[in-house]
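Read through the structure below, which is laid out as structure tokens, and then see the notes.
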Amino acid sequence: MEQNLKQNASGLNNRDKLSSQILVAVKVLKIFKGNGEEFINEVGTIGRIYHVNVVRLAGYCTDGYRRALVYEFLPNDSLEKFISSGNQSRTLGWEKLQQIAIGIAKGLDYLHHGCNQQILHFDIKPHNILLDHNFSPKVSDFVLAKLCSKDQSVVSMTAARGTIGYIAPEVFWRNYGNVLYKADVYSFGILLIDIVGGRKNVRVAE
4 MEQNLKQNAS
14 GLNNRDKLSS
24 QILVAVKVLK
34 IFKGNGEEFI
44 NEVGTIGRIY
54 HVNVVRLAGY
64 CTDGYRRALV
74 YEFLPNDSLE
84 KFISSGNQSR
94 TLGWEKLQQI
104 AIGIAKGLDY
114 LHHGCNQQIL
124 HFDIKPHNIL
134 LDHNFSPKVS
144 DFVLAKLCSK
154 DQSVVSMTAA
164 RGTIGYIAPE
174 VFWRNYGNVL
184 YKADVYSFGI
194 LLIDIVGGRK
204 NVRVAE
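This is the structure:
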């Protein structure tokens, strides 16, 4: 791998080349129980998606218990980098931030209403919003996603999923009942607060 890009709960991301001219981002999944199911879930989900505001899956690799996902490379990393810096409004400007917010909304609308199957992401947060060379946003990381038919208004949850601070109450407290795509809308609302505030508003330790 040419360069380590970032690491999250589900794996390690690296930059690599498919050829001398094509840069890609490779997500090497951690090896743990249930990892194979998560791998198939993400490959199956991303493979159905074609939208300017959703990251493209270029391919995948398997070797025993080792698995990797190959994505298009997005040079400006994630939105989290700019929010964490505390001064992203001076770096990107409010007009660009507005365009980013609108792009994320369009990506989510496509996932919820534009695909053959409705896709609930369940982990919308700054870290999972990647930015291309023009700072156009792309929704990424579908390890926790669930698919359901368009005529199915709710999905059943067997366990809470997502990131603390961005999880909708009905997802975190499973006894609230079935879950709608609006759980992603809740997470998007928290992300908007992060963008407007110029910092991450989640303080888990507090």
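If you want our numbering, it's the position in the sequence shown, counting the first as 1, plus 3. All residues carry an ideal CB built from backbone N, CA and C; glycine is no exception. Quantities reported herein were computed from a predicted structural model and do not represent experimental measurements.
Closest by CA to residue i, which one among the options?
i	options	result
Gly200	Tyr113, Leu100, Val27, Gly62	Leu100
Gly50	Ile196, Phe145, Ser152	Phe145
Lys109	Gly96, His130, Glu98, Val142	Val142
Ala28	Leu77, His130, Pro140, Cys118	Leu77
Gly165	Leu147, Glu98, His116	Leu147
Gly117	Leu183, Val46, Ile52	Ile52
Leu150	Arg70, Gln120, Ile105	Gln120
Ile25	Ala61, Val46, Val57	Ala61
Val46	Leu82, His54, Lys30, Val55	Lys30
Val57	Met160, Glu75, Leu95	Glu75
Lys153	Phe125, Asp112, Ser139	Asp112
Tyr184	Asp126, Gly67, Arg70	Asp126
Pro140	Leu114, Ile107, Gly67, Ala163	Ile107
Can you tell me whether residue i is helix, strand or coil according to DSSP?
i	result
Lys141	strand
Val58	coil
Lys30	strand
Leu133	strand
Lys149	strand
Val182	strand
Val188	helix
Tyr63	strand
Val157	coil
Leu77	coil
Thr166	coil
Gly50	coil
Gly201	coil
Leu195	helix
Ile107	helix
Gly96	coil
Who are the near neighbours of residue i in its chain, counting only those whose CB is closer than 7 Å to its CB and skipping five residues on each side?
i	result
Ala171	Ala186, Tyr189, Ser190
Ala104	Leu195, Ile198
Phe138	Asn79, Leu95, Lys99, Ile103
Go through its chain and collect everything with a Cβ distance to residue i's Cβ below 6 Å, but skip five positions before and after it.
i	result
Ile193	Tyr169
Leu82	Pro129, Ile132
Asp135	Leu77
Got a sec? Which residues, its chain only, sit under 8 Å from residue i by beta carbon, not counting five neighbours each side?
i	result
Met160	Val174, Arg177, Asn181, Val182
Trp97	none
Tell me residue i's beta-bridge partners as DSSP assigns them.
i	result
Leu123	Lys149
Arg69	Asp66
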